[in-house]
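Asker: Just dropping this structure here.
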């Protein structure tokens with residue numbers, strides 16, 4: 005029996021090339037690269053990679069999830085919000101917490117519509133070409149990678165009572181082992197139908213009817229009418245200046261604005277960030293993130309309710325936050341920190357300077373555990389993102405987009421003539437925290453993308469508690485403790501601190517990187 009643990013520090017080098025794909029799964033990376041070989045562009049590569057990810061990493065995303073993207077093309081930045089709304093029958097109050105498993109937290113899946121809209125606007129290849137790699141892996145099989153096997157197994161106990169889930173995702177009653185060859189024939193059939201009908205079957209046809217039937221039989225609220233009414237939306241990204249770069253995130257209902265708030269507060273403190281491993285920088289980042297999370301928790305919701313929350317980025321508000329940061333750690337209410345994590349993020353860039361920052365998720369691993377029998381469609385449990393406070397803008401209710409954790413990001417460098425930098429860090433609450441830490445390293449410390457991802461990270465827990473990875477000096481840990489931070493030092497670098505991909509534009513192409521905390525890989529040709 006092979007021991008798949010990695011007990012020793014290992015290093016990866018940045019990957020350099022004019023066409024580059026970085027994903028959380030190597031099979032997804034190579035599938036995207038194949039689209040570039042066939043004459044496709046960065047969006048084609050991103051779509052093929054994303055669709056493959058629903059097959060080879062179903063414990064982190066799926067056909068029944070949501071997706072968001074930022075596209076850079078011809079020196080313009082485009083954003084798409086592919087999150088679905090709650091069903092029209094969703095209640096405005098429930099007893100107890102919103103459950104993790106079952107039909108109640110299921111919201112309309114927006115990923116498929118997002119694929120179609122991106123393809124219609126930017127795609128050069130046919131849908132048959134884009135879907136072919138995923139259908140091949142689902143039909144003919146693939147070997148399960150180490151991190152995927154761990155997370156697959158973790159989901160097994162949650163969904164033991166869901167027959168459709170067990171029929172789809174267990175093999176001889178068990179989760180697959182590392183290196184096991186598996187097939188997902190239901191996924192293959194569904195992906196073929198989506199490609200053939202340009203997504204129409206999923207929202208208005210045969211697949212929509214199957215989703216409707218499964219929901220009704222399980223006592224769920226989701227109906228075909230909810231699917232028919234879904235529209236992914238083009239949105240204007242929000243941005244702030246960071247040093248010589250412009251930092252882009254998508255507007256609410258996602259938490260991307262929290263990363264912008266925190267980054268703007270850090271800059272307002274005046275801390276010197278040429279070295280991001282000092283206690284002064286870490287303290288400023290941690291305290292800024294606390295204030296950003298508090299604002300995001302209070303105001304971010306469906307944009308039809310809360311708007312784009314751009315007022316949270318005004319100079320006056322940011323300076324007020326910065327003025328409250330002293331040399332002492334402050335408390336953060338743990339309830340303001342988003343919970344749960346499981347996502348795939350990927351970044352692509354082509355030789356013409358088009359780039360795509362893409363993210364999709366079922367929220368908690370496989371999602372709700374509700375699988376439409378015979379389809380491979382595991383439905384997300386994104387409704388867990390709603391608040392049970394009836395006075396909150398993010399309160400649970402019908403036809404609303406919930407607060408969303410998944411956020412693609414983009415950096416545009418003033419001194420770079422070849423595109424910009426699509427990047428992202430997966431991991432629920434780690435996403436804005438990871439974006440803050442990675443941007444500081446890339447922009448101010450001038451670190452290469454692989455070093456920016458490999459560097460040790462911290463994450464907020466609640467109160468004054470901060471989880472932090474090994475890799476900083478003992479003097480740094482001591483200095484942070486002296487400021488009142490209650491450190492929980494991890495024994496090793498783990499996916500609990502997120503995992504990211506970066507495709508950084510440089511003078512004549514790209515430097516790509518994939519986080520060693522996950523199974524991912526950056527590839528070029």
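Residue numbers (our numbering): 5 to 529. Backbone N, C-alpha and C define an ideal beta-carbon position, used for all residues, glycine too. It should be emphasised that the depicted structure is a prediction, and the values quoted were computed from it without experimental measurement.
Closer than 7 Å by C-beta to residue 380: which residues in its own chain qualify, once you throw out the five before and the five after it? Chain order, please.
Answerer: 67, 172, 188, 190, 191, 194
Asker: Out of 163, 27, 251, which one is the CA nearest neighbour of residue 56?
Answerer: 27
Asker: Have a look at 207, 130, 45 and flag the residue whose alpha-carbon is nearest the alpha-carbon of residue 112.
Answerer: 207
Asker: I'd like to check one pair, residue 36 with residue 513: are the Cβ atoms closer than 8 Å?
Answerer: no
Asker: Could you work out which residue in 517, 521, 319, 243 is closest to residue 503 when comparing CA atoms only?
Answerer: 521
Asker: If you run the structure through DSSP and keep just helix, strand and coil, what is residue 167?
Answerer: helix
Asker: Less than 8 Å between the beta carbons of residue 343 and residue 432, yes or no?
Answerer: Contact: yes.
Asker: By DSSP's criteria, residue 70 is part of a beta bridge. Which residues make up the other side?
Answerer: The bridge partners DSSP lists for residue 70 are 365.
Asker: Within the same chain, show all residues whose beta-carbon is closer than 7 Å to that of residue 278, passing over the 5 residues directly before and after it, in chain order.
Answerer: Excluding residues up to 5 positions away in sequence, 448, 449 lie with their Cβ nearer than 7 Å to the Cβ of residue 278 in the same chain.
Asker: In this structure, does DSSP put residue 474 in helix, strand or coil?
Answerer: It is a strand residue.
Asker: Where do the N-terminal and C-terminal ends of the alpha helix (DSSP H) with residue 217 fall, by residue?
Answerer: 210-221
Asker: Classify residue 43 as buried or exposed, calling it buried when 16 or more other Cβ atoms lie within 10 Å of its own Cβ.
Answerer: exposed
Asker: My understanding is that residue 397 touches residue 309, with C-beta atoms under 8 Å, so please give their C-beta distance in whole angstroms.
Answerer: 5 Å
Asker: Give, in chain order, every unbroken run of the beta strand (DSSP E) that is at least 3 residues long and sits entirely within the stretch 418-465.
Answerer: 425-430
Asker: Considering residue 135, what are the terminal residues of the alpha helix (DSSP H) in which it resides?
Answerer: 131-144
Asker: Looking at the secondary structure, which residues open and close the alpha helix (DSSP H) in which residue 158 lies?
Answerer: 150-160
Asker: To which residues of the same chain is residue 170 closer than 8 Å at the C-beta, ignoring the five residues directly before and after it?
Answerer: 163, 164, 177
Asker: Going by C-alpha to C-alpha distance, which of 156, 484, 505 sits closest to residue 454?
Answerer: 505
Asker: Decide if the stretch 112-125 is in contact with the stretch 270-288; the criterion is three or more beta carbon pairs, one per stretch, under 8 Å apart.
Answerer: no
Asker: Hey, is the stretch 235-243 in contact with the stretch 290-300, meaning 3+ C-beta pairs nearer than 8 Å?
Answerer: no
Asker: In chain order, what residues of the same chain lie with their CB nearer than 7 Å to the CB of residue 331, ignoring the 5 residues before and after it?
Answerer: Cβ within range, chain order: 487.
Asker: Could you tell me if residue 339 is buried or exposed, where buried requires 16 or more neighbouring beta carbons within 10 angstroms of its beta carbon?
Answerer: exposed
Asker: Nearest to residue 64 by CA position, among 210, 333, 385, 175, is which residue?
Answerer: 385
Asker: Assuming residue 92 is part of the beta strand (DSSP E), what are its boundary residues?
Answerer: First-last for residue 92: undefined, no H or E at that position.
Asker: Identify, in the order they occur along the chain, each residue of the same chain with its Cβ nearer than 6 Å to the Cβ of residue 525, setting aside the five sequence neighbours on each side.
Answerer: Sequence-distant partners of residue 525 (beyond 5 residues in either direction) whose C-beta falls short of 6 Å from its own C-beta, in its chain, are 30, 33, 518.
Asker: Determine the closest residue to residue 501 out of 485, 452, 429, 489, with distance taken between C-alpha atoms.
Answerer: For residue 501, the nearest C-alpha among the options comes from 429.
Asker: What residue does the beta strand (DSSP E) around residue 352 start on, and which one ends it?
Answerer: 348-353
Asker: DSSP three-state call for residue 238: helix, strand or coil?
Answerer: strand
Asker: The alpha helix (DSSP H) spanning residue 269 covers which residue range?
Answerer: 260-273
Asker: Taking a contact to mean a Cβ-Cβ separation below 8 Å, would you say residue 243 touches residue 250 in this structure?
Answerer: yes
Asker: Buried or exposed: residue 306, going by 16 or more other Cβ atoms within 10 Å of its Cβ?
Answerer: buried
Asker: Would the beta-carbon of residue 347 fall within 8 Å of that of residue 50?
Answerer: no
Asker: If you follow the beta strand (DSSP E) that residue 531 is part of, which residue opens it and which one closes it?
Answerer: As shown, the chain starts at 5 and ends at 529. That puts residue 531 outside it, with no answer to give.
Asker: Can you list, in chain order, the residues of its chain with a C-beta nearer than 7 Å to that of residue 316? Leave out the 5 residues immediately preceding and following it.
Answerer: 261, 265, 299, 303
Asker: In terms of residues, what are the limits of the beta strand (DSSP E) holding residue 528?
Answerer: If you look at residue 528, you'll find it in the beta strand (DSSP E) that goes 525-528.
Asker: Taking the beta strand (DSSP E) that residue 85 belongs to, which residues open and close that run?
Answerer: 80-86
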